[in-house]
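Mapping to our numbering: the sequence shown position 128 is 152, numbers consecutive. The C-beta atom is built at its ideal place from N, Cα and C for all residues, glycine as well. On a predicted model such as this, the values are computed, not experimentally measured, just so you know.
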Amino acid sequence: MTDDHHPGEQEPDEQEPGPASPTRRRVLIGLGLGAASLGMLRRLPTGRNTTPRSSAGPHPTTTSAASATSSTTTPERPVPDVPPVLDGSLAIVDDGHVHDVVISGGRVIDPDSRFDAVAHVGIDGDTITRISLDPLAGATTVDAGGLVVSPGFIDILSYPPNGYGEWFKVADGVTTNLCLHGIDDTMADFLTRGDRNEPPVNYGGATDQYEHRKALGANIGYATEAQIADLVALAEVDVLAGAVGIHEQPEYVIGVTFEEMLAHGRVAARLGVPLCLHLRHSRIDPPSIQEEGIDEAVRVARETGCRIHIEHINSAGGTGRMVEAITQVDAARAEGLSITACVYPYTFWATYAASARFDDFQAKYGIGYGDLQVANTPNRLTEATFRKARSDNLLTAAFAMSEEDITDALAAPWMMIGSDAILTISHNNHPRSTGCFSRLLGVYVRERGVLDLSDALGRMTILPARMLGDISPAMARRGRIQAGAAADVTIFDPATVVDRSSIADTGVESAGIRHVLVGGRFVRRDGANDQDVRPGIPILRGDT
Numbered sequence: 025m026t027d028d029h030h031p032g033e034q035e036p037d038e039q040e041p042g043p044a045s046p047t048r049r050r051v052l053i054g055l056g057l058g059a060a061s062l063g064m065l066r067r068l069p070t071g072r073n074t075t076p077r078s079s080a081g082p083h084p085t086t087t088s089a090a091s092a093t094s095s096t097t098t099p100e101r102p103v104p105d106v107p108p109v110l111d112g113s114l115a116i117v118d119d120g121h122v123h124d125v126v127i128s129g130g131r132v133i134d135p136d137s138r139f140d141a142v143a144h145v146g147i148d149g150d151t152i153t154r155i156s157l158d159p160l161a162g163a164t165t166v167d168a169g170g171l172v173v174s175p176g177f178i179d180i181l182s183y184p185p186n187g188y189g190e191w192f193k194v195a196d197g198v199t200t201n202l203c204l205h206g207i208d209d210t211m212a213d214f215l216t217r218g219d220r221n222e223p224p225v226n227y228g229g230a231t232d233q234y235e236h237r238k239a240l241g242a243n244i245g246y247a248t249e250a251q252i253a254d255l256v257a258l259a260e261v262d263v264l265a266g267a268v269g270i271h272e273q274p275e276y277v278i279g280v281t282f283e284e285m286l287a288h289g290r291v292a293a294r295l296g297v298p299l300c301l302h303l304r305h306s307r308i309d310p311p312s313i314q315e316e317g318i319d320e321a322v323r324v325a326r327e328t329g330c331r332i333h334i335e336h337i338n339s340a341g342g343t344g345r346m347v348e349a350i351t352q353v354d355a356a357r358a359e360g361l362s363i364t365a366c367v368y369p370y371t372f373w374a375t376y377a378a379s380a381r382f383d384d385f386q387a388k389y390g391i392g393y394g395d396l397q398v399a400n401t402p403n404r405l406t407e408a409t410f411r412k413a414r415s416d417n418l419l420t421a422a423f424a425m426s427e428e429d430i431t432d433a434l435a436a437p438w439m440m441i442g443s444d445a446i447l448t449i450s451h452n453n454h455p456r457s458t459g460c461f462s463r464l465l466g467v468y469v470r471e472r473g474v475l476d477l478s479d480a481l482g483r484m485t486i487l488p489a490r491m492l493g494d495i496s497p498a499m500a501r502r503g504r505i506q507a508g509a510a511a512d513v514t515i516f517d518p519a520t521v522v523d524r525s526s527i528a529d530t531g532v533e534s535a536g537i538r539h540v541l542v543g544g545r546f547v548r549r550d551g552a553n554d555q556d557v558r559p560g561i562p563i564l565r566g567d568t
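This is how it looks when you write it as structure tokens:
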């Protein structure tokens, strides 16, 4: 699979604004937007009417003047006094009950209900059975004093478990690894491989139109009408076998026509799954071309009625123009279209050096060889070393985005977090493969205050759970700390959680993730993974 895999990250003081910032200013000035207008636009996404629950934000937003603050957090609702319950039939209220596991005295945050209090969580088997303000008895008790107890993080945009990278996901707080960027195989083979790897995290994904094209010998060029029919049939087979989405990447598979996208959109609408799009255009010059990419996705949603999930909008669709990109999506959502997107909190993208994305990259992105770096190596590139990287097809980072491409994206209350990466043994990967979620919490919540903690947690828990919960019963039980929910739990230190990987050293575990439970079992305890515990289950469309 070729795509915006990202190889390596820099620490905050190493981040470079890159050429996207001046380009972005030129675009805004060209549109007649002064500084005051830009500030207003950055606030607009916090005041949108939401689309149906499957793609809504963590809680309703309003358009009142009171809600239009400079913060990107969504308006507050009162914190419930009573601990939340998802399924009362699975809740235990017997004060004498001894739970299998008790998480004691942590700050319990449930972004779904907005419950936020020091409380005690009881777990039996693979289910949370009680949230209590009073102490509970447990066969195993973990003292979570001073820590945050959150639903396990859901990586909405990852790649298939490989027996290695998912352990770094665990150290980043991830309990469910969803490959909406494509499962790289048939669904049957994906499930067989997942069962063989016995991952510690839950796993699922979107059927991959590119892989189907390869199987039909149509991976290059335009598909015929008969081939499009065959591609749609293969996608349907995979969805009926449990895929939770359909993935297309017209930037990389250049022969994908609008008609082919419509055909996949129709089957996505009929089967209720999202069409997950790596948009057709990522270049920043001319400024209008990324707008065209989002417009194309909106047209597919409008003409087919399917849900659309835009992948990593910061590196395709919103680079240097995130305010405008969010405004486009907001307008579509105001029509009632179900459109969401995700972002990763880094100012550089990455993909394989031999891919079409690097064709004429200087003109496309306004950068030079010195703005490139092969993942997991120490130095920026020259013309000669880039030619070598391209010959070897190494994952190569491009410092081509600005901080506004992240913070403006996070202003949208429907924006999720997706890593777009999983670490491989070579470590030639973007550091988001190991630090995406901890970076959001450490840098954008604690250090910069871009989001409040509950809102940030919602982007990586309840939003993806809601997006897929009506087609996957397993997802409907996740993303929550509630009695009756699946016992996927991440416990972290809000004072120390942060990413530690860099562009030069991509395979470093995040800091501050203390305990992680998947299905009620500890895959990480006291800051160390337990590789003998592998409770991950498939997350399937229509599963039980």
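Given residue i as reference, the closest of the options once Cα atoms are compared
i      : options                        : result
ASN3   : LEU299, ARG220, PRO274         : Outside the displayed span of the chain (25 to 568) sits residue 3, for which this structure offers no information.
ASN553 : ILE270, SER362, GLU190, ARG294 : GLU190
ASP444 : PHE214, ALA265, ALA340, VAL126 : ALA340
ASP208 : GLY269, PRO224, ARG304         : GLY269
ARG345 : ILE252, ARG502, ILE318, THR200 : ILE318
ALA195 : VAL225, LEU171, GLY170, LEU215 : VAL225
ALA265 : THR210, ARG304, GLY279, PHE282 : THR210
SER525 : ASP136, LEU157, GLY162, LYS193 : LYS193
ILE278 : ASP512, ARG381, ASP476         : ARG381
THR530 : SER457, VAL109, ALA358         : SER457
LEU157 : THR514, ASP179, VAL126         : VAL126
THR514 : ARG501, LEU541, ILE495         : LEU541
GLY544 : ALA511, ALA519, ASP556         : ALA511
Nonlocal neighbours in the same chain, by C-beta distance under 6 Å from residue i, ignoring five residues either side
i      : result
ARG154 : ILE116, GLY146, ALA507
LEU57  : Confidence in LEU57 is poor, its pLDDT being 28 and thus under 50, which makes the residue's placement unreliable; the coordinate value appears in the next sentence. Cβ within range, chain order: n/a, list empty.
GLY394 : ARG404
ALA292 : ILE270, LEU299, CYS330
ILE486 : PRO82, PRO135, ASP136, GLY503
VAL398 : ALA413, LEU418, THR420
ARG290 : THR328
ALA528 : PRO402
TYR188 : ILE449
Bridge partners - residue i, DSSP secondary structure assignment
i      : result
GLU428 : Paired residues: none, contrary to the question.
TRP373 : ALA422
PRO175 : VAL513
THR164 : VAL125
ALA387 : The partner list for ALA387 (beta bridge, DSSP) is empty, contrary to what the question assumes.
ILE207 : ILE207 pairs with nothing; no bridge assigned.
MET440 : CYS366
ILE116 : DSSP, once it has assigned bridges, lists no residue as partnering ILE116.
TYR227 : ASN201, PRO562
Residue i burial status per 10 Å Cβ neighbour count (16 or more: buried)
i      : result
GLU335 : buried
ALA212 : exposed
ASP262 : buried
ARG538 : buried
ASN400 : buried
ASN403 : exposed
GLY149 : exposed
LYS412 : exposed
GLU316 : exposed
GLY120 : exposed
ALA408 : exposed
GLY112 : exposed
GLN386 : exposed
GLU471 : exposed
SER415 : exposed
PRO185 : buried
ALA143 : buried
LEU464 : buried
SER128 : buried
GLY560 : buried
Contacting residues, own chain, Cβ-Cβ under 8 Å from residue i (five flanking each side not counted)
i      : result
ASP361 : The question names Asp, but residue 361 in the sequence shown is Leu. Answer for LEU361: THR75, VAL322, ALA325, ARG326, ILE332, listed in chain order.
ASP140 : VAL103, ARG131, VAL132, ILE133, ASP134, SER478
LEU255 : GLN233, HIS236, ARG237, LEU240, ALA242, ALA247, GLU284, ALA287, HIS288
ILE313 : HIS305, ARG307
Neighbourhood of residue i by C-beta distance below 7 Å, restricted to the same chain and skipping five residues each side
i      : result
ASN417 : TYR376, ALA377, ALA378
GLY459 : GLU33, ASP196, ASP523, ARG524, SER525, SER534
GLY499 : Residue identity check: residue 499 is Met in the sequence provided, not Gly. Here the set comprises ALA489, LEU492, GLY493, ILE563.
ARG549 : HIS539
ARG558 : GLU222, PRO223, PRO224
ALA577 : This structure gives no information on residue 577, because the portion of the chain shown stretches from 25 to 568.
Counting only runs of 3+ residues fully inside the stretch 253-292, write out the beta strand (DSSP E) ranges in chain order.
269-272
What are the start and end residues of each continuous alpha helix (DSSP H) run of 4 or more residues lying completely inside the stretch 463-519, in chain order?
477-483, 486-493, 497-500
As an exercise, report each continuous beta strand (DSSP E) stretch of at least 3 residues that is fully enclosed by the stretch 290-325, in chain order.
298-301
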